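Asker:
There are 2 protein chains.
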Amino acid sequence: MKIAVLGTGMVGQAQAGRLAELGHDVTVGTRDVAATMARTTPDGMGNAPYAAWAARHTDVTLATFAEAAASAELIVNATSGNVSIAVLEAAGRENLAGRILLDIANPLDSSKGFPPTLFVKDTDSLGEQIQAAFDELKVVKALNTLTAALMVNPKAIADGDHSVFVSGNDAEAKKTVIGLLESFGHTDVIDLGDITTARGSEMVLPIWLRLMGVLNTPMFNFKIVR
Amino acid sequence: MKIAVLGTGMVGQAQAGRLAELGHDVTVGTRDVAATMARTTPDGMGNAPYAAWAARHTDVTLATFAEAAASAELIVNATSGNVSIAVLEAAGRENLAGRILLDIANPLDSSKGFPPTLFVKDTDSLGEQIQAAFDELKVVKALNTLTAALMVNPKAIADGDHSVFVSGNDAEAKKTVIGLLESFGHTDVIDLGDITTARGSEMVLPIWLRLMGVLNTPMFNFKIVR
Numbered sequence: 045m046k047i048a049v050l051g052t053g054m055v056g057q058a059q060a061g062r063l064a065e066l067g068h069d070v071t072v073g074t075r076d077v078a079a080t081m082a083r084t085t086p087d088g089m090g091n092a093p094y095a096a097w098a099a100r101h102t103d104v105t106l107a108t109f110a111e112a113a114a115s116a117e118l119i120v121n122a123t124s125g126n127v128s129i130a131v132l133e134a135a136g137r138e139n140l141a142g143r144i145l146l147d148i149a150n151p152l153d154s155s156k157g158f159p160p161t162l163f164v165k166d167t168d169s170l171g172e173q174i175q176a177a178f179d180e181l182k183v184v185k186a187l188n189t190l191t192a193a194l195m196v197n198p199k200a201i202a203d204g205d206h207s208v209f210v211s212g213n214d215a216e217a218k219k220t221v222i223g224l225l226e227s228f229g230h231t232d233v234i235d236l237g238d239i240t241t242a243r244g245s246e247m248v249l250p251i252w253l254r255l256m257g258v259l260n261t262p263m264f265n266f267k268i269v270r
Numbered sequence: 045m046k047i048a049v050l051g052t053g054m055v056g057q058a059q060a061g062r063l064a065e066l067g068h069d070v071t072v073g074t075r076d077v078a079a080t081m082a083r084t085t086p087d088g089m090g091n092a093p094y095a096a097w098a099a100r101h102t103d104v105t106l107a108t109f110a111e112a113a114a115s116a117e118l119i120v121n122a123t124s125g126n127v128s129i130a131v132l133e134a135a136g137r138e139n140l141a142g143r144i145l146l147d148i149a150n151p152l153d154s155s156k157g158f159p160p161t162l163f164v165k166d167t168d169s170l171g172e173q174i175q176a177a178f179d180e181l182k183v184v185k186a187l188n189t190l191t192a193a194l195m196v197n198p199k200a201i202a203d204g205d206h207s208v209f210v211s212g213n214d215a216e217a218k219k220t221v222i223g224l225l226e227s228f229g230h231t232d233v234i235d236l237g238d239i240t241t242a243r244g245s246e247m248v249l250p251i252w253l254r255l256m257g258v259l260n261t262p263m264f265n266f267k268i269v270r
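Top to bottom, those sequences are chains H and P.
Taking the working numbering, the leading residue of the first sequence gets 45, the next gets one more, and so forth.
Taking the working numbering, the leading residue of the second sequence gets 45, the next gets one more, and so forth.
#1: DSSP has H/I144 in a bridge; who is on the other side?
#2: Count Cβ pairs between the region 204–222 of chain P and the region 205–220 of chain H that sit closer than 8 angstroms; are there 3 or more?
#3: Helix, strand or coil: which one does DSSP assign to H/F109?
#4: Tell me whether H/F209 sits in a helix, a strand or coil according to DSSP, three-state version.
#5: Using a Cβ-Cβ distance cut-off of 8 angstroms, determine whether P/G237 contacts chain H.
#6: Count Cβ pairs between the region 156–175 of chain H and the region 236–246 of chain H that sit closer than 8 angstroms; are there 3 or more?
#7: Quick test of your reading: H/L145 and H/K182, contact by CB under 8 angstroms. State the CB separation rounded to the nearest angstrom.
#8: Would you mind stating whether H/A122 and H/Q59 have Cβ atoms separated by less than 8 angstroms?
#9: Provide the residue span of the beta strand (DSSP E) that contains P/L50, from first to last.
#10: Interface residues of chain H around P/K165 at Cβ under 9 angstroms?
#11: Between P/A200, P/I148 and P/L140, which has its C-alpha nearest P/V262's C-alpha?
#12: The region 250–266 of chain H: which residues have C-beta closer than 9 angstroms to a C-beta of chain P, in chain order?
#13: For P/T80, which residues in the same chain have their Cβ closer than 8 angstroms to its Cβ, ignoring the five residues on either side in sequence?
#14: The beta strand (DSSP E) spanning P/F266 covers which residue range?
#15: Could you run through the region 190–218 of chain P and flag, in chain order, every residue whose CB is less than 8 angstroms away from some CB of chain H?
#16: Starting from the C-beta of P/D235, find all residues in its chain whose C-beta is less than 7 angstroms away, skip the five residues before and the five after it, and write them out in chain order.
#17: What would DSSP say about P/V164, mapped onto helix, strand or coil?
#18: Are the C-beta atoms of P/V183 and some chain H residue less than 8 angstroms apart?
#19: Can you grab the Cα-Cα spacing for the pair P/T161 / P/M195, in whole Å?
#20: According to the neighbour-count rule (16 or more other Cβ atoms, all chains shown, within 10 Å of its Cβ), is P/R100 buried or exposed?
#21: Please confirm whether H/V120 has its beta-carbon closer than 8 angstroms to some beta-carbon of chain P.
#22: Could you please give me the residues that DSSP links to P/L152 through a beta bridge?
#23: Check the Cβ of P/V269 against every Cβ in chain H and list those closer than 8 angstroms, keeping chain order.
#24: Which residues, taken in chain order from the region 104–128 of chain P, show a beta carbon closer than 7 angstroms to some beta carbon of chain H?
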């Protein structure tokens, strides 16, 4: 599949690398290609600069948000939640029409320290805000409840015996995303319902952040035992 | 241990029955004993009236909130979140002094239909509001993330291989509550930290409610796989 990954951080790198490994035609989208490639210092989370990652992943192309989206069938939103809508605007509505958006972003507000709070919740969600802002997209919220390494390689813990969730209004788009998650190795993908159910998965973040603190690792996930 | 269970609904009945079965001296607290015993119709959730339950649990005493709290070492808050603070006021501050409060309540606002939203979240929590209102209590938030039957009998699914959480400011009180949860059969009790971490466990409710819908049963729980 032709896939655009918007965002060059830890989540974007994990998605792009794994999708390319699985044989997809992957373009990473960024605001300014030259600036992204010129950056030589780690990001705020301590991740290596994109150029260092790109040197090891020559099968992945870097382009502007608009160029990446233009040729893609499926777009991965791997941007920070607070810039997601601006990034999609920058990609251009004409380049989004009819695309599936796998939305991994969380509405984290880190402006008041750690742990971050959520800038939208409970009666609305980032997934819904994106769907409302871009009628031309088929938004599927997924993978926002676990760390990047586990999103794409669930078998790294407990042989993949844990759960992920999807929310979205378009049944066919959800089917495509579920297939993608299964190709990553996920074996328990739970369809929560329409995009309003993203309220549920996004509100998992506050306990996720505290669990990361007490477990002293991001390498954990929720399993829905039943 | 002498334990007061405040609340006569499904959660109160499950707690009181199991605690008595484990040999504790249990008193259930209600606003008006005569009115509670006179009720002959199921509650809003379809649960049998308290009197029918009490007839099968003659080892459990029913008393007013104040009487129940007065003689207890540990108090279980099994009331609806929207009345929890009023119930504790009714129990009387002099009857709460020095007690551990196992707070199971969730801040659900059902006034706008299903699924309910949360009347406090993200920057505050019901657990914190109760702790702030009643300095004399040692509040430990726990068991608010799973259905009543599983709170007290975790082995009813997957031989108990799933997780529960505790939040609270008092280390000794948390130790007592963790011991109680283990006596119920819980094998993975995760201490999230101080009472502010109740924000995390309370915000799990929105996904819990949606999972109950899609799984078509409340008999499931989260396991933190790591």
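All residues carry an ideal CB built from backbone N, CA and C; glycine is no exception.
These figures come from a predicted structure and were not determined experimentally.
Answerer: A quick look at the data gives this:
#1: As a beta-bridge residue in DSSP terms, H/I144 pairs with H/L118 and H/K182.
#2: No: fewer than three Cβ pairs fall under 8 angstroms.
#3: Correct three-state label for H/F109: helix.
#4: Strand.
#5: So yes, P/G237 belongs to the interface.
#6: Contact between the region 156–175 of chain H and the region 236–246 of chain H is present, with at least three C-beta pairs closer than 8 angstroms.
#7: Sure, about 7 angstroms apart at Cβ, within 8 angstroms.
#8: Yes, these two residues count as a Cβ contact at 8 angstroms.
#9: Secondary structure note for P/L50: its beta strand (DSSP E) is the uninterrupted segment K46 to L50.
#10: Here the neighbours are L162, K165, D166, M247 and P250.
#11: In the sequence as displayed, the identity of residue 262 of chain P is Pro instead of Val. Ranked by Cα distance from P/P262, the first of P/A200, P/I148 and P/L140 is P/A200.
#12: Near chain P, meaning a CB-to-CB distance below 9 angstroms, the residues of the region 250–266 of chain H are P250, I251, W252, L253, R254, L255, G257, V258, L259, T261, M263, F264, N265 and F266.
#13: Same-chain partners within the cutoff: T52, T74, Y94, A95 and L106.
#14: For P/F266, the uninterrupted beta strand (DSSP E) run begins and ends at N265 to V269, by DSSP.
#15: Residues passing the 8 angstroms Cβ filter: I201, A202, D205, H206 and F209.
#16: The residues V210 and K218, in chain order, have a CB closer than 7 angstroms to that of P/D235 in the same chain once the five nearest residues on each side in sequence are set aside.
#17: In the displayed model, P/V164 falls within coil according to three-state DSSP, outside both helix and strand.
#18: Taking a beta-carbon distance threshold of 8 angstroms, P/V183 does not count as an interface residue toward chain H.
#19: P/T161 and P/M195: Cα-Cα distance of roughly 22 angstroms.
#20: Under a 10 Å Cβ-count criterion, P/R100 is classified as exposed, with fewer than 16 other Cβ atoms of the shown protein chains found around its own Cβ.
#21: By this cut-off, H/V120 is not an interface position.
#22: In the DSSP output, where bridge partners are listed per residue, P/L152 has P/L162.
#23: The contacting residues are I201, A202, D205, H206, F264, N265, F266 and K267.
#24: Taking 7 angstroms as the Cβ-Cβ cut-off, the region 104–128 of chain P has no residue approaching chain H.
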